[in-house]
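Enquirer:
Protein chains: 4
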Amino acid sequence: MKTTILIHCPDQSGIISAVTAFIHRQGGNIVYLDQHVDKEADVFFMRLESDFEGNLPDIVNFNEEFNATLALPYQMQWSHHLDDVKPKMALFVSKYNHCLYDLLSRYKSGELLVEIPFIISNHNDLTYIAEQFEIPFYHIPVTKDTKNIAESEQLEYLNQYHVDFIVLARYMQIVSSKIINEYPNKIINIHHSFLPAFAGAKPYHAAFARGVKIIGATSHYVTEELDAGPIIEQDVTAVSHSHTIKDFIAKGRDLEKIVLSRAVQLHVKRKTMVYNNKTVIFS
Amino acid sequence: MKTTILIHCPDQSGIISAVTAFIHRQGGNIVYLDQHVDKEADVFFMRLESDFEGNLPDIVNFNEEFNATLALPYQMQWSHHLDDVKPKMALFVSKYNHCLYDLLSRYKSGELLVEIPFIISNHNDLTYIAEQFEIPFYHIPVTKDTKNIAESEQLEYLNQYHVDFIVLARYMQIVSSKIINEYPNKIINIHHSFLPAFAGAKPYHAAFARGVKIIGATSHYVTEELDAGPIIEQDVTAVSHSHTIKDFIAKGRDLEKIVLSRAVQLHVKRKTMVYNNKTVIFS
Amino acid sequence: MKTTILIHCPDQSGIISAVTAFIHRQGGNIVYLDQHVDKEADVFFMRLESDFEGNLPDIVNFNEEFNATLALPYQMQWSHHLDDVKPKMALFVSKYNHCLYDLLSRYKSGELLVEIPFIISNHNDLTYIAEQFEIPFYHIPVTKDTKNIAESEQLEYLNQYHVDFIVLARYMQIVSSKIINEYPNKIINIHHSFLPAFAGAKPYHAAFARGVKIIGATSHYVTEELDAGPIIEQDVTAVSHSHTIKDFIAKGRDLEKIVLSRAVQLHVKRKTMVYNNKTVIFS
Amino acid sequence: MKTTILIHCPDQSGIISAVTAFIHRQGGNIVYLDQHVDKEADVFFMRLESDFEGNLPDIVNFNEEFNATLALPYQMQWSHHLDDVKPKMALFVSKYNHCLYDLLSRYKSGELLVEIPFIISNHNDLTYIAEQFEIPFYHIPVTKDTKNIAESEQLEYLNQYHVDFIVLARYMQIVSSKIINEYPNKIINIHHSFLPAFAGAKPYHAAFARGVKIIGATSHYVTEELDAGPIIEQDVTAVSHSHTIKDFIAKGRDLEKIVLSRAVQLHVKRKTMVYNNKTVIFS
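Protein chains in written order, with my numbering: chain A, 107 to 389; chain B, 107 to 389; chain C, 107 to 389; chain D, 107 to 389.
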């Protein structure tokens with residue numbers, strides 16, 4: 107039985123020693139430990155993979171004791187995950203297919219260890235992909251007037267299927283606080299620029315107009331401020347004067363799908379922690 | 107005798123054919139031709155390296171005939187450069203040494219084919235490098251009140267030495283239109299971010315606060331709007347939560363010096379053309 | 107009507123002028139010209155996109171005249187392509203799905219302008235993808251003993267469907283000269299290393315054993331010598347001691363699919379020329 | 107008082123817990139802990155930065171107790187470094203100046219915290235740089251016949267100045283086991299290719315002949331087998347058919363100097379460990 111523990115707390119002397127001794131006493135072997143101190147904020151972060159080789163003590167007891175012995179005295183925020191439970195991932199899309207295809211082909215081939223209960227879209231264009239991969243597809247149109255109702259409908263599906271996190275795979279709508287508040291740091295977006303440059307609409311057009319020599323893509327957790335949430339992953343590619351906007355868009359598609367998939371994998375493997383609108387990404 | 111011709115004009119049918127036939131008639135062999143059409147702006151760009159193998163016709167005649175036969179009918183803006191004339195490059199610095207060291211070591215080893223008549227600085231800190239490389243160093247302090255006088259003094263040196271272009275090698279002052287107007291698209295700056303993100307002061311601090319996963323450097327021609335001139339070259343490097351601002355600055359130094367040197371080389375080799383606040387960079 | 111002309115010939119004075127004048131006389135406007143001289147081999151390469159705006163002269167006449175006026179006197183090898191004819195691409199696969207998924211999703215979304223008459227595989231594993239995308243799938247098992255017969259069967263399909271080029275999308279078999287000779291510089295392979303490092307089998311294992319800090323993928327035209335054909339495209343990604351072989355393979359998958367797709371696009375857009383076992387890749 | 111401890115030993119349960127408790131008992135606070143397990147070789151690696159804030163116990167006692175309590179029972183190989191002691195770095199060069207300039211400018215500006223007692227060269231060409239930076243320069247010519255004597259002379263200087271490690275900054279000679287045995291994993295070389303491709307002489311020529319689309323540079327510890335030692339750092343840059351060998355060499359220079367400097371910094375900051383001819387590079 108393998109588990110992953112994520113911890114953050116005020117930086118103090120002796121934390122690593124205390125936590126590793128605790129795991130040891132509980133019969134666990136630490137398979138991987140990664141730790142970080144944000145010296146500006148004076149915050150300590152740790153990610154621990156432990157192997158209990160069959161002798162995991164009762165998980166409720168373990169957690170209670172961890173709380174009493176460590177979490178309380180060190181003022182920790184922490185979570186404890188069983189590695190063999192697949193999280194439930196909802197996909198939101200609009201008309202672009204490249205990110206959807208990329209995620210679904212990774213899912214289908216067993217590279218991405220999630221369950222995908224459904225795909226939601228404000229358009230019908232990608233129904234054919236849902237059919238190709240035999241995943242339920244809910245078409246929920248969104249207009250200015252129906253947005254509130256549409257989000258209520260989305261929330262119903264999210265609740266009904268006990269969705270753990272949401273991936274906006276080029277979903278061209280702004281998600282409101284109604285949904286964000288239910289999924290804090292659990293909605294992953296892909297933006298087609300190297301943020302903070304070119305936030306908002308039409309970033310490739312803006313990049314072309316500015317004459318940049320590099321374009322990028324950014325995957326981040328969604329917060330209320332548009333394109334301003336904690337960045338999980340970014341990548342870039344070179345462009346030149348010889349590329350048209352159409353070329354930017356084509357090159358960008360490859361960036362977007364790779365960057366989004368990497369971010370989703372990091373989230374699924376519980377390698378991301380959020381603090382002060384930034385991420386700690388464990389390797 | 108080798109020469110380089112740079113042309114831009116409204117896009118029209120038959121230009122390449124007309125120009126290449128002209129060179130051919132004048133006894134030149136086209137060694138390299140690079141061409142670009144900006145279809146949005148409907149502008150044609152061309153860069154031609156020709157080899158006249160000793161039989162270059164009188165350059166004044168050549169230019170007059172080119173003007174009459176091609177430049178006028180096609181409404182060209184063009185320039186004609188003899189490849190063996192080294193341009194004169196002035197260096198402006200403040201306190202950071204890495205870009206200065208990098209440029210001077212390339213100059214000293216014959217990699218950068220320019221003359222460097224002098225280094226100007228608003229501080230005395232880098233005098234020792236000027237001495238190491240035996241290049242005149244003029245210390246011209248700049249304060250709010252003395253800026254106008256200081257720039258006049260700078261211009262005197264620039265004029266006296268017939269400087270062709272200026273490189274701001276981490277010169278921490280804003281250059282005013284007084285100098286920019288004398289050197290349009292001839293002042294090369296290095297900015298320590300992937301513009302347009304983090305223009306202005308302290309970009310590494312801003313990048314750190316935003317939690318980006320990639321930092322960059324941008325070399326551009328200086329225009330009146332700060333950090334908004336035509337971009338010549340950009341590059342980036344990955345960073346993570348484990349890097350402090352100090353680490354960003356250290357990693358950035360390597361980017362800055364490489365990106366600035368590349369931009370300077372492109373300018374020296376006449377591979378840059380500017381149009382609509384963007385650059386065409388020939389390969 | 108747009109066409110693309112590819113030329114290579116011994117380097118001589120006046121070629122560009124002669125060719126561009128010819129196109130001009132035939133009523134064509136040169137939309138894009140890219141040219142290269144290999145000075146070591148003394149060979150001239152050119153790629154010309156021309157737009158005839160409806161008035162393309164009879165193609166047979168055009169080609170005959172081009173032959174007489176240019177190809178013969180300049181000893182050119184050349185080809186002339188109508189841009190709106192989609193080439194026919196056959197896909198060979200084994201068990202890995204990532205390159206196949208990537209190519210088919212680009213095809214399905216109209217990004218990759220080819221026809222795909224069929225997929226051939228020596229295994230049955232990927233039948234489901236062929237079904238998802240409704241493309242004929244021929245299962246032709248290959249063993250040492252049946253290889254010759256299997257390749258004859260493959261050739262029958264290739265001939266029957268008038269296939270223009272073949273993509274080995276992680277086809278784990280060596281293709282013999284029997285097929286290579288029918289498709290010279292028309293079989294595109296993806297090898298999972300930065301060639302020439304780690305040619306042959308199990309490159310990720312070899313890279314791991316050597317302790318490299320960068321892994322790569324290489325797309326190349328297939329020649330008789332294994333993994334030694336002209337390289338079309340390469341890319342790399344950073345790895346570290348913390349990555350296992352399994353991690354190398356996972357990271358490599360993303361490289362492989364992107365690198366192969368780029369190479370296929372370059373081939374389809376007729377931006378590749380082969381000479382002396384190397385490629386000229388036009389931008 | 108800050109110190110760095112490097113440990114490797116057979117992987118066992120409870121090591122992290124035992125070591126961190128030990129540091130804690132000795133009055134140290136763990137500032138940074140990085141750990142790695144090579145699961146194939148079943149070896150555990152750890153790097154610990156500790157801060158004793160003035161109360162470092164007697165270092166001899168500390169080390170003896172560490173040996174008795176931890177190193178012996180866990181069969182550790184370990185080392186303990188005081189962070190404020192600058193290591194002594196000898197530079198070996200031949201005729202190329204770019205790596206030398208790069209390292210010396212970092213040294214001079216305080217970016218590289220080492221002492222440089224001398225530069226050794228088999229040629230006189232770079233004397234001027236040694237003079238620029240006021241560092242002793244010993245010219246020791248090397249021919250087939252004098253190699254043994256030359257290396258004896260080199261060793262005398264190395265011993266006399268108590269040199270800690272050697273950097274071959276494009277030193278074009280093969281270093282024999284005579285010196286390697288005295289400096290195991292303490293001689294850093296820069297090779298101008300992405301090893302293992304193009305080991306040995308003239309890698310840029312070989313890369314050009316093969317038609318690769320990416321060239322690289324590799325910094326590694328020197329072992330008896332040429333260009334086959336543990337790799338510390340690698341980087342690459344894109345090239346195309348339009349680049350000549352001379353272009354490869356020019357682009358390569360920038361790679362070489364950056365990659366070598368990074369490797370030297372990693373070594374100086376004690377972030378490298380060697381095992382099974384591979385490196386663990388802590389971040």
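Ideal Cβ placement from N, Cα and C applies to all residues, glycine included.
Just checking: is the beta-carbon of F224(A) within a distance shorter than 8 Å of some beta-carbon in chain B?
Expert: Taking Cβ atoms only, chain B never reaches closer than 8 Å to F224(A), which makes this a no.
Enquirer: Using a Cβ cut-off of 7 Å, pull out every chain D residue sitting near G306(C), in sequence order please.
Expert: Here the premise fails: no neighbours, minimum Cβ distance about 13 Å.
Enquirer: Check the C-beta distance from I293(D) over to I272(D) and give it rounded, since I have them as a contact under 8 Å.
Expert: With 8 Å as the limit, I293(D) and I272(D) qualify as a contact, their Cβ atoms being about 5 Å apart.
Enquirer: In chain B, which residues lie with their C-beta within 7 Å of the C-beta of A127(C)?
Expert: Result: S123, A127.
Enquirer: Can you name the residues of chain B whose CB is closer than 7 Å to the CB of Q238(D)?
Expert: Per Cβ cutoff of 7 Å: Q238.
Enquirer: Return the Cβ separation of R153(C) and D140(C) in integer angstroms, given the expectation that the two are a contact with Cβ distance under 8 Å.
Expert: Going by Cβ atoms, the distance from R153(C) to D140(C) rounds to 5 Å, so yes, they are a contact pair.
Enquirer: Counting contacts by CB-CB distance shorter than 8 Å, is I246(C) in contact with chain B?
Expert: Not an interface residue.
Enquirer: Does the beta carbon of D356(B) come closer than 8 Å to any beta carbon on chain D?
Expert: As written in the sequence, residue 356(B) is Ala, which differs from the Asp given in the question. It does: the Cβ of A356(B) has a partner Cβ on chain D nearer than 8 Å.
Enquirer: Which bits of chain C does L112(B) rub up against, with CB to CB less than 7 Å?
Expert: Within 7 Å Cβ-Cβ: nothing; L112(B) doesn't reach chain C, min ~16 Å.
Enquirer: Do S200(A) and H245(A) have their C-beta atoms closer together than 8 Å?
Expert: Against a cut-off of 8 Å, the Cβ pair of H245(A) and S200(A) comes out as no contact.
Enquirer: Y381(D) lies in the beta strand (DSSP E); which residues open and close that run?
Expert: Y381(D) -> beta strand (DSSP E) spans 378-381.
Enquirer: Are the C-beta atoms of N203(C) and some chain A residue less than 8 Å apart?
Expert: Yes, N203(C) counts as interfacial toward chain A.
Enquirer: Would you verify that the beta carbon of V191(A) is, or is not, closer than 8 Å to some beta carbon of chain B?
Expert: Closer than 8 Å: no.
Enquirer: Just to make sure I have the definition right: I need the residues of chain A whose C-beta is within less than 7 Å of the C-beta of N167(D). Which are they?
Expert: None at all; the shortest Cβ gap to chain A is about 20 Å.
Enquirer: Just grab the DSSP bridge partners of G322(B) for me.
Expert: BP columns for G322(B) point to V342(B).
Enquirer: Assuming L209(B) and K192(B) form a contact by the criterion Cβ under 8 Å, report the distance between their Cβ atoms to the nearest whole angstrom.
Expert: Between K192(B) and L209(B) the Cβ distance is about 14 Å, and since that is not below 8 Å, they are no contact.
Enquirer: Does DSSP put F128(C) in a helix, a strand or coil?
Expert: Correct three-state label for F128(C): helix.
Enquirer: Go ahead and label V248(A) buried or exposed: buried means 16 or more other beta carbons lie within 10 angstroms of its beta carbon, across all protein chains shown.
Expert: With 16 or more Cβ atoms within 10 Å of its Cβ, V248(A) is classed as buried.
Enquirer: Mind checking which residues open and close the beta strand (DSSP E) that includes K384(B)?
Expert: Its beta strand (DSSP E) spans residues 384-387.
Enquirer: Helix, strand or coil: which one does DSSP assign to A312(B)?
Expert: Residue state, collapsed to three classes: helix.
Enquirer: Residues bridged to S227(B) by DSSP?
Expert: Paired residues: V199(B), H245(B).
Enquirer: Under the DSSP definition of a beta bridge, which residues are partnered with Y138(C)?
Expert: BP columns for Y138(C) point to E155(C).
Enquirer: Tell whether a beta-carbon distance below 8 Å holds between H268(C) and Q183(C).
Expert: Contact flag unset, no.
Enquirer: Identify the continuous alpha helix (DSSP H) that holds T233(C) and give its terminal residues.
Expert: First-last of the alpha helix (DSSP H) with T233(C): 233-238.
Enquirer: Quick one: what does DSSP say K352(B) is sitting in, helix, strand or coil?
Expert: If DSSP states are grouped into helix, strand and coil, K352(B) belongs with the helices.
Enquirer: Measuring CA to CA, which of R376(D), L332(D), E171(D) is closest to T109(D)?
Expert: The shortest C-alpha separation from T109(D) is found at R376(D).
Enquirer: Taking buried to mean at least 16 other C-beta atoms within 10 Å of its own C-beta, is V166(B) buried or exposed?
Expert: When all chains shown are included, V166(B) counts as exposed.
Enquirer: Return the residues of the segment 129-140 of chain B that lie within a Cβ-Cβ distance of less than 7 Å from chain C, sorted by chain order.
Expert: Hits within the stretch, in order: H130, N135, I136, L139.
Enquirer: Under the three-state reduction of DSSP, which class applies to P179(C): helix, strand or coil?
Expert: In the structure shown, P179(C) sits in a helix (DSSP, three-state: H, G or I).
Enquirer: Measure the beta-carbon distance from I226(C) to L206(C) and round it to whole angstroms, keeping in mind my assumption that it falls under 8 Å.
Expert: Contact flag wrong, Cβ pair sits at about 11 Å.
Enquirer: Which stretch, first to last residue, makes up the beta strand (DSSP E) that contains I294(A)?
Expert: 293-297 is the span of the beta strand (DSSP E), which, as asked, contains I294(A).
Enquirer: Using a Cβ cut-off of 9 Å, pull out every chain A residue sitting near K145(B), in sequence order please.
Expert: Neighbours of K145(B) on chain A, chain order: T350.
Enquirer: So what does DSSP say about L219(B), is it helix, strand or coil?
Expert: Looking at L219(B) - three-state DSSP - the assignment turns out to be coil, as it is neither helix nor strand.
Enquirer: List the residues of chain C whose Cβ lies closer than 8 Å to the Cβ of G160(B), in chain order.
Expert: Chain C residues near G160(B): none, gap ~14 Å exceeds 8 Å.
Enquirer: Looking at I364(A): is its Cβ nearer than 8 Å to the Cβ of V345(A)?
Expert: Cβ distance not < 8 Å, so I364(A) and V345(A) don't count as in contact.
Enquirer: Which residue's Cα is closest to the Cα of V328(C): F150(C), K284(C), F151(C), R316(C)?
Expert: V328(C) has its Cα closest to that of K284(C), out of F150(C), K284(C), F151(C), R316(C).
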